[in-house]
Amino acid sequence: MINKIDWPKPGENSSFDREQYLTYISGLVENLKRYRDGDIDAETTLMECRRILSEVKDPEFPFFAVQNFKDLFSFVLYQLPKTASRLQKTVHKTKSYRKYVPKKVEKFNGADKRRYPRIEKSFMIRFRINQSEGYTIVISDWDMVAINDLSAMGVNFNYNKNLGIGSTLEFKLNISRSMQTINCTGRVVRIRRNQNHPTYSIAIAFADIDKEDREMINKTAEDILK
851 MINKIDWPKP
861 GENSSFDREQ
871 YLTYISGLVE
881 NLKRYRDGDI
891 DAETTLMECR
901 RILSEVKDPE
911 FPFFAVQNFK
921 DLFSFVLYQL
931 PKTASRLQKT
941 VHKTKSYRKY
951 VPKKVEKFNG
961 ADKRRYPRIE
971 KSFMIRFRIN
981 QSEGYTIVIS
991 DWDMVAINDL
1001 SAMGVNFNYN
1011 KNLGIGSTLE
1021 FKLNISRSMQ
1031 TINCTGRVVR
1041 IRRNQNHPTY
1051 SIAIAFADID
1061 KEDREMINKT
1071 AEDILK
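The sequence shown maps to residues 851 to 1076 in the numbering used here.
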């Protein structure tokens, strides 16, 4: 892994030290691992990562970290709300952020959360890991779970495995007998360990879903809440 890293070259604005870089990377990765495992929340993760970055004197280090470890760091930026900090607002404007965050998911922040009501009603849904992305946890067939809540933006359910932040899932939703099955994909944006039983609370943001299907979910939610 180390041999494949695109190590920066010392320059006028760089105080590059390979051993220091590895130390900082190890600290960042440890915090991100704790977040991905559900031990700490996103805000704490950002605070700890910013603390580590504040110790780095080389201004090129953050770009080096994101460039070589984007799969680790992008999901934290992806999950945090835009209002978390000025740093997060700045990151949302960068081309590198938009390159790694699906536009269809990034679109639904802030006011959109209020526009789409969330219903706390149990529906049975089917899902599976998107096999083409090569995640370590492999679910070879469709699994079925009861969801905790649902909105046009996403869904939340309990599961006995940590599916991994950033994982892409395929879904088959049947929210009404009079409606056809909704086929879509979603990305895991938050995982929390449940205290009362050995399961994980999995939060999903829909990523690839037809506009008509999103509106169908929204209308169903509005009808139920009337």
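Ideal Cβ positions, reconstructed from N, Cα and C, are used throughout, including at glycine.
Residue of the options minimising C-alpha distance to residue i
| i | options | result |
| --- | --- | --- |
| Ser1017 | Asp993, Thr1070, Gly1036, Asp891 | Gly1036 |
| Leu1023 | Arg1042, Ile1059, Ala1053, Asn1010 | Ile1059 |
| Met1003 | Asn1068, Trp992, Lys907 | Asn1068 |
| Arg1042 | Ile969, Arg868, Arg884 | Arg884 |
| Glu1020 | Ser1026, Ile1032, Tyr1009, Asn1012 | Ile1032 |
| Asp991 | Asn998, Ile997, Asn980 | Asn980 |
| Asn1008 | Glu1072, Ser1051, Gly888 | Ser1051 |
| Met878 | Ser1026, Pro967, Glu898 | According to the sequence shown, residue 878 is Leu rather than Met. Of Ser1026, Pro967, Glu898, the residue nearest in Cα terms is Glu898. |
| Tyr871 | Ile1054, Pro1048, Lys907 | Lys907 |
| Ile1074 | Asp1063, Glu970, Lys1061, Asn1006 | Glu970 |
| Met1029 | Glu1065, Pro1048, Asn1010, Ile997 | Glu1065 |
| Ala1071 | Asp999, Ser876, Leu903 | Asp999 |
| Ile997 | Gln1045, Ile1054, Thr873, Tyr966 | Ile1054 |
| Thr894 | Ser904, Tyr874, Leu882 | Leu882 |
| Lys1061 | Asn1046, Cys1034, Pro1048, His1047 | Cys1034 |
| Tyr966 | Asp891, Ile902, Arg868, Phe1056 | Phe1056 |
| Asn1044 | Arg901, Asn1010, Arg1027 | Asn1010 |
Residue i, enclosing alpha helix (DSSP H) - first and last residue
| i | result |
| --- | --- |
| Thr1070 | 1061-1075 |
| Lys1022 | No alpha helix (DSSP H) contains Lys1022, which is instead part of the beta strand (DSSP E) from 1018-1023. |
| Asn881 | 868-886 |
Delimiting residues of the beta strand (DSSP E) encompassing residue i
| i | result |
| --- | --- |
| Val995 | 993-1000 |
| Gly1014 | Run containing Gly1014: none; DSSP gives neither H nor E here. |
| Met1112 | In the structure displayed, the chain extends from 851 to 1076; residue 1112 sits before or after that span and is not available. |
| Thr1049 | Per DSSP, Thr1049 belongs to no beta strand (DSSP E) and is neither H nor E. |
| Thr1035 | 1032-1043 |
For residue i: DSSP bridge partner residues
| i | result |
| --- | --- |
| Ala1057 | In the DSSP output, where bridge partners are listed per residue, Ala1057 has none listed. |
| Tyr1009 | Tyr1050 |
| Ile969 | Leu1000 |
Cβ distance (whole Å) where residue i is taken to contact residue j below 8 Å
| i | j | result |
| --- | --- | --- |
| Ile1015 | Val1038 | 6 Å |
| Phe973 | Asp993 | Going by Cβ atoms, the distance from Phe973 to Asp993 rounds to 15 Å, so no, they are not a contact pair. |
| Arg1040 | Ser1001 | Incorrect: roughly 14 Å between the Cβ atoms, too far for contact. |
| Asp887 | Asn1012 | 7 Å |
| Val1005 | Ile1025 | Not a contact, Cβ separation roughly 10 Å. |
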